[in-house]
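Notes to accompany the following structure.
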Amino acid sequence: MKFKTICIFLCFALLWGMFTVTAYAQTSQSPLTMADAIPVAGEALTVDVPISVDFTDALGVNLNIRLHLALVDKAVLVNPAECLGNTMYTANQTGDKFKVAIATGDPISHSGVLFYLRLTLKQQAAETDELCKLLQVKINDVITWQASDRVLIAGVTDGAVYRDSVTVVFNEGTATLNGVSFASGDTVTAEGTYTLSVRDSGAKVRTVTFTIDRTVISVDVSFEEMSFVYDQGVWNDETHQYENGSWQALNGGGNLTVTNGSNVPVAVVFAYEANEGFETIDVRFIKDQAAVNEEELAIGEVLTVAVQPIGVPETSFSQAALGNIVITIIKKTETVGYHE
Amino acid sequence: MNNQKKLTVAIVLLSILLLLVILVTVLALFLRKPTVLPPDYPPQDTDSNMQPIPGDSGGTIETPEGGGAVNITYADTVTVSLSDRTASLYYANPSRSNQNVAIAVMIGSTVILRSDLITPGNMVTTLPLVEGVEEQLLPGGYQAELIIYCYHPETGEKAMIDTRGTLTLTVVESKVTQ
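Chains as they are written, first to last, in the working numbering: chain A, 1 to 340; chain B, 1001 to 1178.
Pasting the structure below:
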């Protein structure tokens, strides 16, 4: 008997424990995994690209760096005194050529990053990891390193949603946008989802998909004073309870108005969350003497509801916050023009 | 093995299991991240990403005596870049509002983005991800919720009306410009 009792107790305890563990597992954040981040260099429209070169016992080094002018506006050396020390050098840009000439009195050797080149971009590069591929480096006319032959696309990022027009630039090849011929530098303005395919001379194809969505939700919410007083009604000698209690809004307040200024119809959902200690009190939202929880508003439509507490307070109180009204705005699908 | 020994072994095994469960329960209770509650009084600082709304037409929303008025303007799409740990969004608090606002974006019960105060006449188009949340996101689409808390501009007291909106949140790996 004792054995059975102990086992039953332990089994119940284990079951309770397993439920607790299961509940924790469902609310923990472990199911999502980490995505690798791509380091970002530079500021809004500039990026510092490290130029790495190796040379041994050189008295003079000439670097010719080719810039992709479709994407890069200009290039300058960053803190050249720090990069090149006391070495004699000149640096200048002519068209798509950026030349750095280094001369020394004694033979010098170097390995790794020689200096950083700050590129000012014509528009934000879509993919930061590609910025280092914008260059071609020659030392004494010998190509030591050059951009990948992958098509470079700027202006749009795969999977992104834009609220404004986008100008798309690519460095080579021919392109189609949703199957229609598309030129580098063209601007996409209409709302929709687009697939851009760029094919280079080597028949390599790169595809990105993006969306332009100008939907803007804009609602005005105005509310009157939300102060209420509870009249507990009349005492019933037989039941020994107050009856016919009611709530009254103070100072003629208690109304809530929502105006849809969006460029789409919206649904407005009303809810109420009671504060701790006031769970016996709920709120109804009254329109035309009927309770409403959700209303759809056309563009420009105005909705006014009266906030009406219901229920009996558990204890007497004064000047207490009973709870929060929560208004949820849900977009409906019809889109009509752009409205700000 | 006699019955007494069986009883002892069973009790020991079950007790060990029970202790393990209690240990996990205690760890679960103490290591769980606390639920985020909106403060009754807002952060004192305005959001560092706040900027004036271009072409803000001004005007006022008719504000009843003792009440408040706020305009809520936002785009229902948010793009999160994992590479720079920021989100590109659009939320505006036009000058015709008479409330300061703070916003949060949540996926389920996880807070993804949170702003400081946005005063009337200003907007945010970029917000940093909440610390560490990038570890929980993968490229793709999420249904998210925008939560807007309103605060009285003088007293800082939180309004009793919260507003929420539904969002589509797209996570991409690369930097996004809007």
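Glycine included, each C-beta is placed from N, C-alpha and C at the ideal position.
Remember, predicted model here, so these are calculated numbers, not experimental data.
If residue i sits next to residue j, beta carbons under 8 Å apart, how far is it from one beta carbon to the other, in whole angstroms?
| i | j | result |
| --- | --- | --- |
| residue 58 of chain A | residue 107 of chain A | 6 Å |
| residue 1051 of chain B | residue 1070 of chain B | Contact doesn't hold; Cβ gap of about 19 Å is too wide. |
| residue 327 of chain A | residue 272 of chain A | So it is not a contact: roughly 10 Å between Cβ atoms. |
| residue 196 of chain A | residue 156 of chain A | 7 Å |
| residue 243 of chain A | residue 229 of chain A | In fact, because the Cβ distance is near 18 Å, the residues do not count as touching under 8 Å. |
| residue 222 of chain A | residue 189 of chain A | Wrong, their Cβ atoms sit about 35 Å apart, outside the cutoff. |
| residue 1115 of chain B | residue 1061 of chain B | Between residue 1061 of chain B and residue 1115 of chain B the Cβ distance is about 21 Å, and since that is not below 8 Å, they are no contact. |
| residue 1053 of chain B | residue 1121 of chain B | 6 Å |
| residue 1163 of chain B | residue 1107 of chain B | Between residue 1107 of chain B and residue 1163 of chain B the Cβ distance is about 18 Å, and since that is not below 8 Å, they are no contact. |
| residue 212 of chain A | residue 113 of chain A | Going by Cβ atoms, the distance from residue 212 of chain A to residue 113 of chain A rounds to 39 Å, so no, they are not a contact pair. |
| residue 184 of chain A | residue 169 of chain A | 5 Å |
| residue 1075 of chain B | residue 216 of chain A | 6 Å |
Using DSSP with H/G/I as helix, E/B as strand and the rest coil, what is residue i?
| i | result |
| --- | --- |
| residue 320 of chain A | coil |
| residue 1022 of chain B | helix |
| residue 1012 of chain B | helix |
| residue 232 of chain A | coil |
| residue 53 of chain A | coil |
| residue 1049 of chain B | coil |
| residue 1004 of chain B | helix |
| residue 38 of chain A | Since pLDDT at residue 38 of chain A reaches only 27, below the 50 mark, its modelled position is unreliable, and the value read off the structure follows with that caveat. Correct three-state label for residue 38 of chain A: coil. |
| residue 252 of chain A | helix |
| residue 1130 of chain B | coil |
| residue 1017 of chain B | helix |
| residue 294 of chain A | strand |
| residue 243 of chain A | strand |
| residue 1136 of chain B | helix |
| residue 71 of chain A | coil |
| residue 164 of chain A | coil |
| residue 27 of chain A | Interpretation of residue 27 of chain A is limited by its pLDDT of 29, a score under 50 that renders its predicted location unreliable; the figure taken from the coordinates is listed afterwards. If DSSP states are grouped into helix, strand and coil, residue 27 of chain A belongs with the helices. |
| residue 1113 of chain B | strand |
| residue 152 of chain A | coil |
| residue 1100 of chain B | strand |
| residue 132 of chain A | Because residue 132 of chain A sits at a pLDDT of 45, beneath the cut-off of 50, its placement in the model cannot be relied upon, and the following sentence gives the value as read from the coordinates. Of the three classes helix, strand and coil, the one that applies to residue 132 of chain A here is helix, per DSSP. |
Checking the sheet assignment: what are the DSSP bridge partners for residue i?
| i | result |
| --- | --- |
| residue 1081 of chain B | B:1086, B:1172 |
| residue 327 of chain A | A:270, B:1163 |
| residue 92 of chain A | A:99 |
| residue 221 of chain A | A:258, B:1070 |
| residue 181 of chain A | A:176 |
| residue 48 of chain A | A:118 |
| residue 1122 of chain B | B:1052, B:1093 |
| residue 109 of chain A | Partner(s): none; residue 109 of chain A has no beta bridge. |
| residue 309 of chain A | A:283 |
| residue 1143 of chain B | B:1168 |
| residue 1148 of chain B | B:1103, B:1163 |
| residue 341 of chain A | Because chain A spans 1 through 340 in this model, residue 341 of chain A falls outside it and cannot be assessed. |
| residue 264 of chain A | According to DSSP, residue 264 of chain A bridges with nothing at all. |
| residue 58 of chain A | A:108 |
| residue 1158 of chain B | B:1151 |
| residue 304 of chain A | A:257 |
Cβ of residue i less than 8 Å from any chain C Cβ?
| i | result |
| --- | --- |
| residue 1124 of chain B | As a matter of chain content, chain C is missing from the structure shown, whose protein chains are A and B. |
*asked:* Residues of the region 1067-1086 of chain B in Cβ contact with chain A at a cutoff of 9 Å, in chain order, please.
replied: 1067, 1068, 1069, 1070, 1071, 1072, 1073, 1074, 1075, 1076, 1077, 1078, 1079, 1081, 1082, 1083, 1084, 1085
_Under 9 Å (Cβ pairs) to chain B, residues found in the region 218-233 of chain A_ = 218, 219, 220, 221, 222, 223, 224, 225, 226, 227
*Check each residue of the region 230-258 of chain A: if its Cβ is closer than 8 Å to any Cβ of chain B, include it; give the result in chain order.*
251, 253, 255, 256
*Compile a chain-ordered list of the residues in the region 1155-1168 of chain B whose CB is closer than 7 Å to at least one CB of chain A.*
1160, 1161, 1162, 1163, 1164, 1165, 1166
*Touching or not, the region 1102-1121 of chain B and the region 283-299 of chain A, by the rule of three or more beta carbon pairs under 8 Å?*
no
*Answer yes if the region 59-75 of chain A comes into contact with the region 88-105 of chain A, meaning at least three C-beta pairs across the two stretches below 8 Å, and no otherwise.*
yes
_Contact set between the region 156-188 of chain A and chain B, restricted to residues whose Cβ is under 8 Å from the partner_ = 157, 158, 159, 160, 161, 162, 163, 164
*Within the chosen definition, does the region 1048-1065 of chain B reach the region 1122-1134 of chain B through at least 3 CB pairs nearer than 8 Å?*
yes
*Report yes or no: do the region 1078-1085 of chain B and the region 1006-1013 of chain B share at least 3 C-beta pairs separated by less than 8 Å?*
no
*Is the region 1132-1147 of chain B touching the region 1160-1175 of chain B, taking contact as three or more C-beta pairs under 8 Å?*
yes
*Taking only beta carbons into account, state which residues of the region 311-336 of chain A come closer than 9 Å to chain B, listed in chain order.*
321, 322, 323, 324, 325, 326, 327, 328, 329, 330, 331
*Below 8 Å between beta carbons is the criterion; list the residues of the region 1052-1063 of chain B that meet it against any residue of chain A, in chain order.*
1055, 1061, 1062, 1063
*Could you list the residues in the region 267-283 of chain A with a C-beta less than 7 Å from some C-beta on chain B, going in chain order?*
none
*So, do the region 245-265 of chain A and the region 300-314 of chain A have three or more beta carbon pairs nearer to each other than 8 Å?*
yes
_Taking contact to mean 3 or more Cβ pairs, one atom from each stretch, closer than 8 Å, check whether the region 1088-1097 of chain B and the region 270-289 of chain A are in contact._
no
*Are the region 283-290 of chain A and the region 302-319 of chain A touching, with three or more C-beta to C-beta distances below 8 Å?*
yes
_Residues, ordered as in the chain, of the region 197-218 of chain A that lie near chain B by beta-carbon distance below 7 Å_ = 213, 215, 216, 217, 218
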